[in-house]
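Counting from 1 along the sequence shown, just add 11 to a position and that's the residue number in our numbering.
Backbone N, C-alpha and C define an ideal beta-carbon position, used for all residues, glycine too.
Notes for the one structure printed next.
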Amino acid sequence: MAALGIPGDPQAKNMDNTNKPAGESKKKMMIILGLVAVVAIIVVAALMSNRGGVQNPGENAGATPVAGEAPADAQPYMPEGTTGAEGEEINVPEALKEATITVVGANPISKDGTVVTTEGVAVKNDAVPMSPEAPKQTPPVAVTELPSSVIKLSVSAAGWSPAEFSVNAGAPVTVAITSDDDFTHVFMFDNPSLAAVAVGVSPRETRAITFNAPSEKGEYTLHCDVPGHSGRGETGKMIVK
Ligand SMILES: [Cu+2]
């Protein structure tokens with residue numbers, strides 16, 4: 012982008028008032044060339060992201076956890092500070108023993124298949140988003156590194172893809188949200204009982220969240236909470252079976 016301004020500057024220095032029009036038109040040319048380059052970059056980026064998006068459908072098959080079970084592809088959870096500098100024993104809450112995580116930075120899943128906080132207490136889906144009792148969104152992650160049990164959703168001005176997904180009642184669920192365009196998006200359910208299950212992503216970013224699916228079966232609609240986004244079609248639903 013900086014290239015837009017730089018070529019114009021030396022000309023401006025040498026210019027006197029008599030040849031200003033010629034300099035101006037050169038400057039205009041440079042701006043037009045710059046804009047063409049920017050548009051080309053955007054088109055290439057859009058094409059590449061579409062290619063990535065095609066791989067999503069079907070990837071979630073087979074590894075869906077049921078209530079009382081952690082996903083088969085989860086990894087062991089290492090509670091923070093369990094090995095102190097002098098190797099002293101620190102009390103680990105019972106719920107965190109043999110706990111697993113699906114994505115680094117997401118909430119642990121206890122042995123009995125409950126998503127818990129780092130204190131070992133079951134997360135609250137209706138807590139204030141980002142509060143200690145709420146399931147927490149992960150730092151940015153690479154989509155390619157997500158295990159297959161993770162439900163991968165991408166969102167752009169074109170809407171959510173896929174626009175609906177299914178989970179088992181009461182089971183631990185990890186959803187990863189990818190911004191598939193140059194905008195920020197916010198994953199959020201309409202039902203206040205799931206108010207804490209929210210994820211915000213910057214342009215082209217992916218973040219995940221692990222939470223307990225509602226025990227009540229049914230359809231839970233969701234939307235992008237950025238003003239104007241749900242109105243243009245960024246809506247979807249989670250089907251709890
Ligand atoms: Cu959005």
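Please work out which residues of its chain come closer than 7 Å, Cβ to Cβ, to E109, disregarding the five sequence neighbours upstream and downstream, and give them in chain order.
K122
Taking just the CA atoms, how far does D193 sit from S172?
Roughly 16 Å separates the two Cα atoms.
Contiguous alpha helix (DSSP H) assignments of at least 4 residues, all confined to the region 158-220
none
Any chance the region 154-163 sits against the region 122-132, with 3 or more Cβ pairs inside 8 Å?
no
Where the beta strand (DSSP E) containing T246 begins and where it ends
Going by DSSP, T246 is part of the beta strand (DSSP E) stretching over 246-251.
Closer than 6 Å by C-beta to Y88: which residues in its own chain qualify, once you throw out the five before and the five after it? Chain order, please.
A110, T111, I112, P119
Return the Cβ separation of G229 and V208 in integer angstroms, given the expectation that the two are a contact with Cβ distance under 8 Å.
Contact flag wrong, Cβ pair sits at about 15 Å.
Could you tell me the distance, in whole angstroms, from the CA atom of N102 to the CA atom of S241?
Taking the straight line joining both Cα atoms gives about 45 Å.
What does the alpha-carbon distance come out to for the pair P146 and S226?
16 Å
Nearest by alpha-carbon distance to P203: which of D84, A180, L233, S177 is it?
L233
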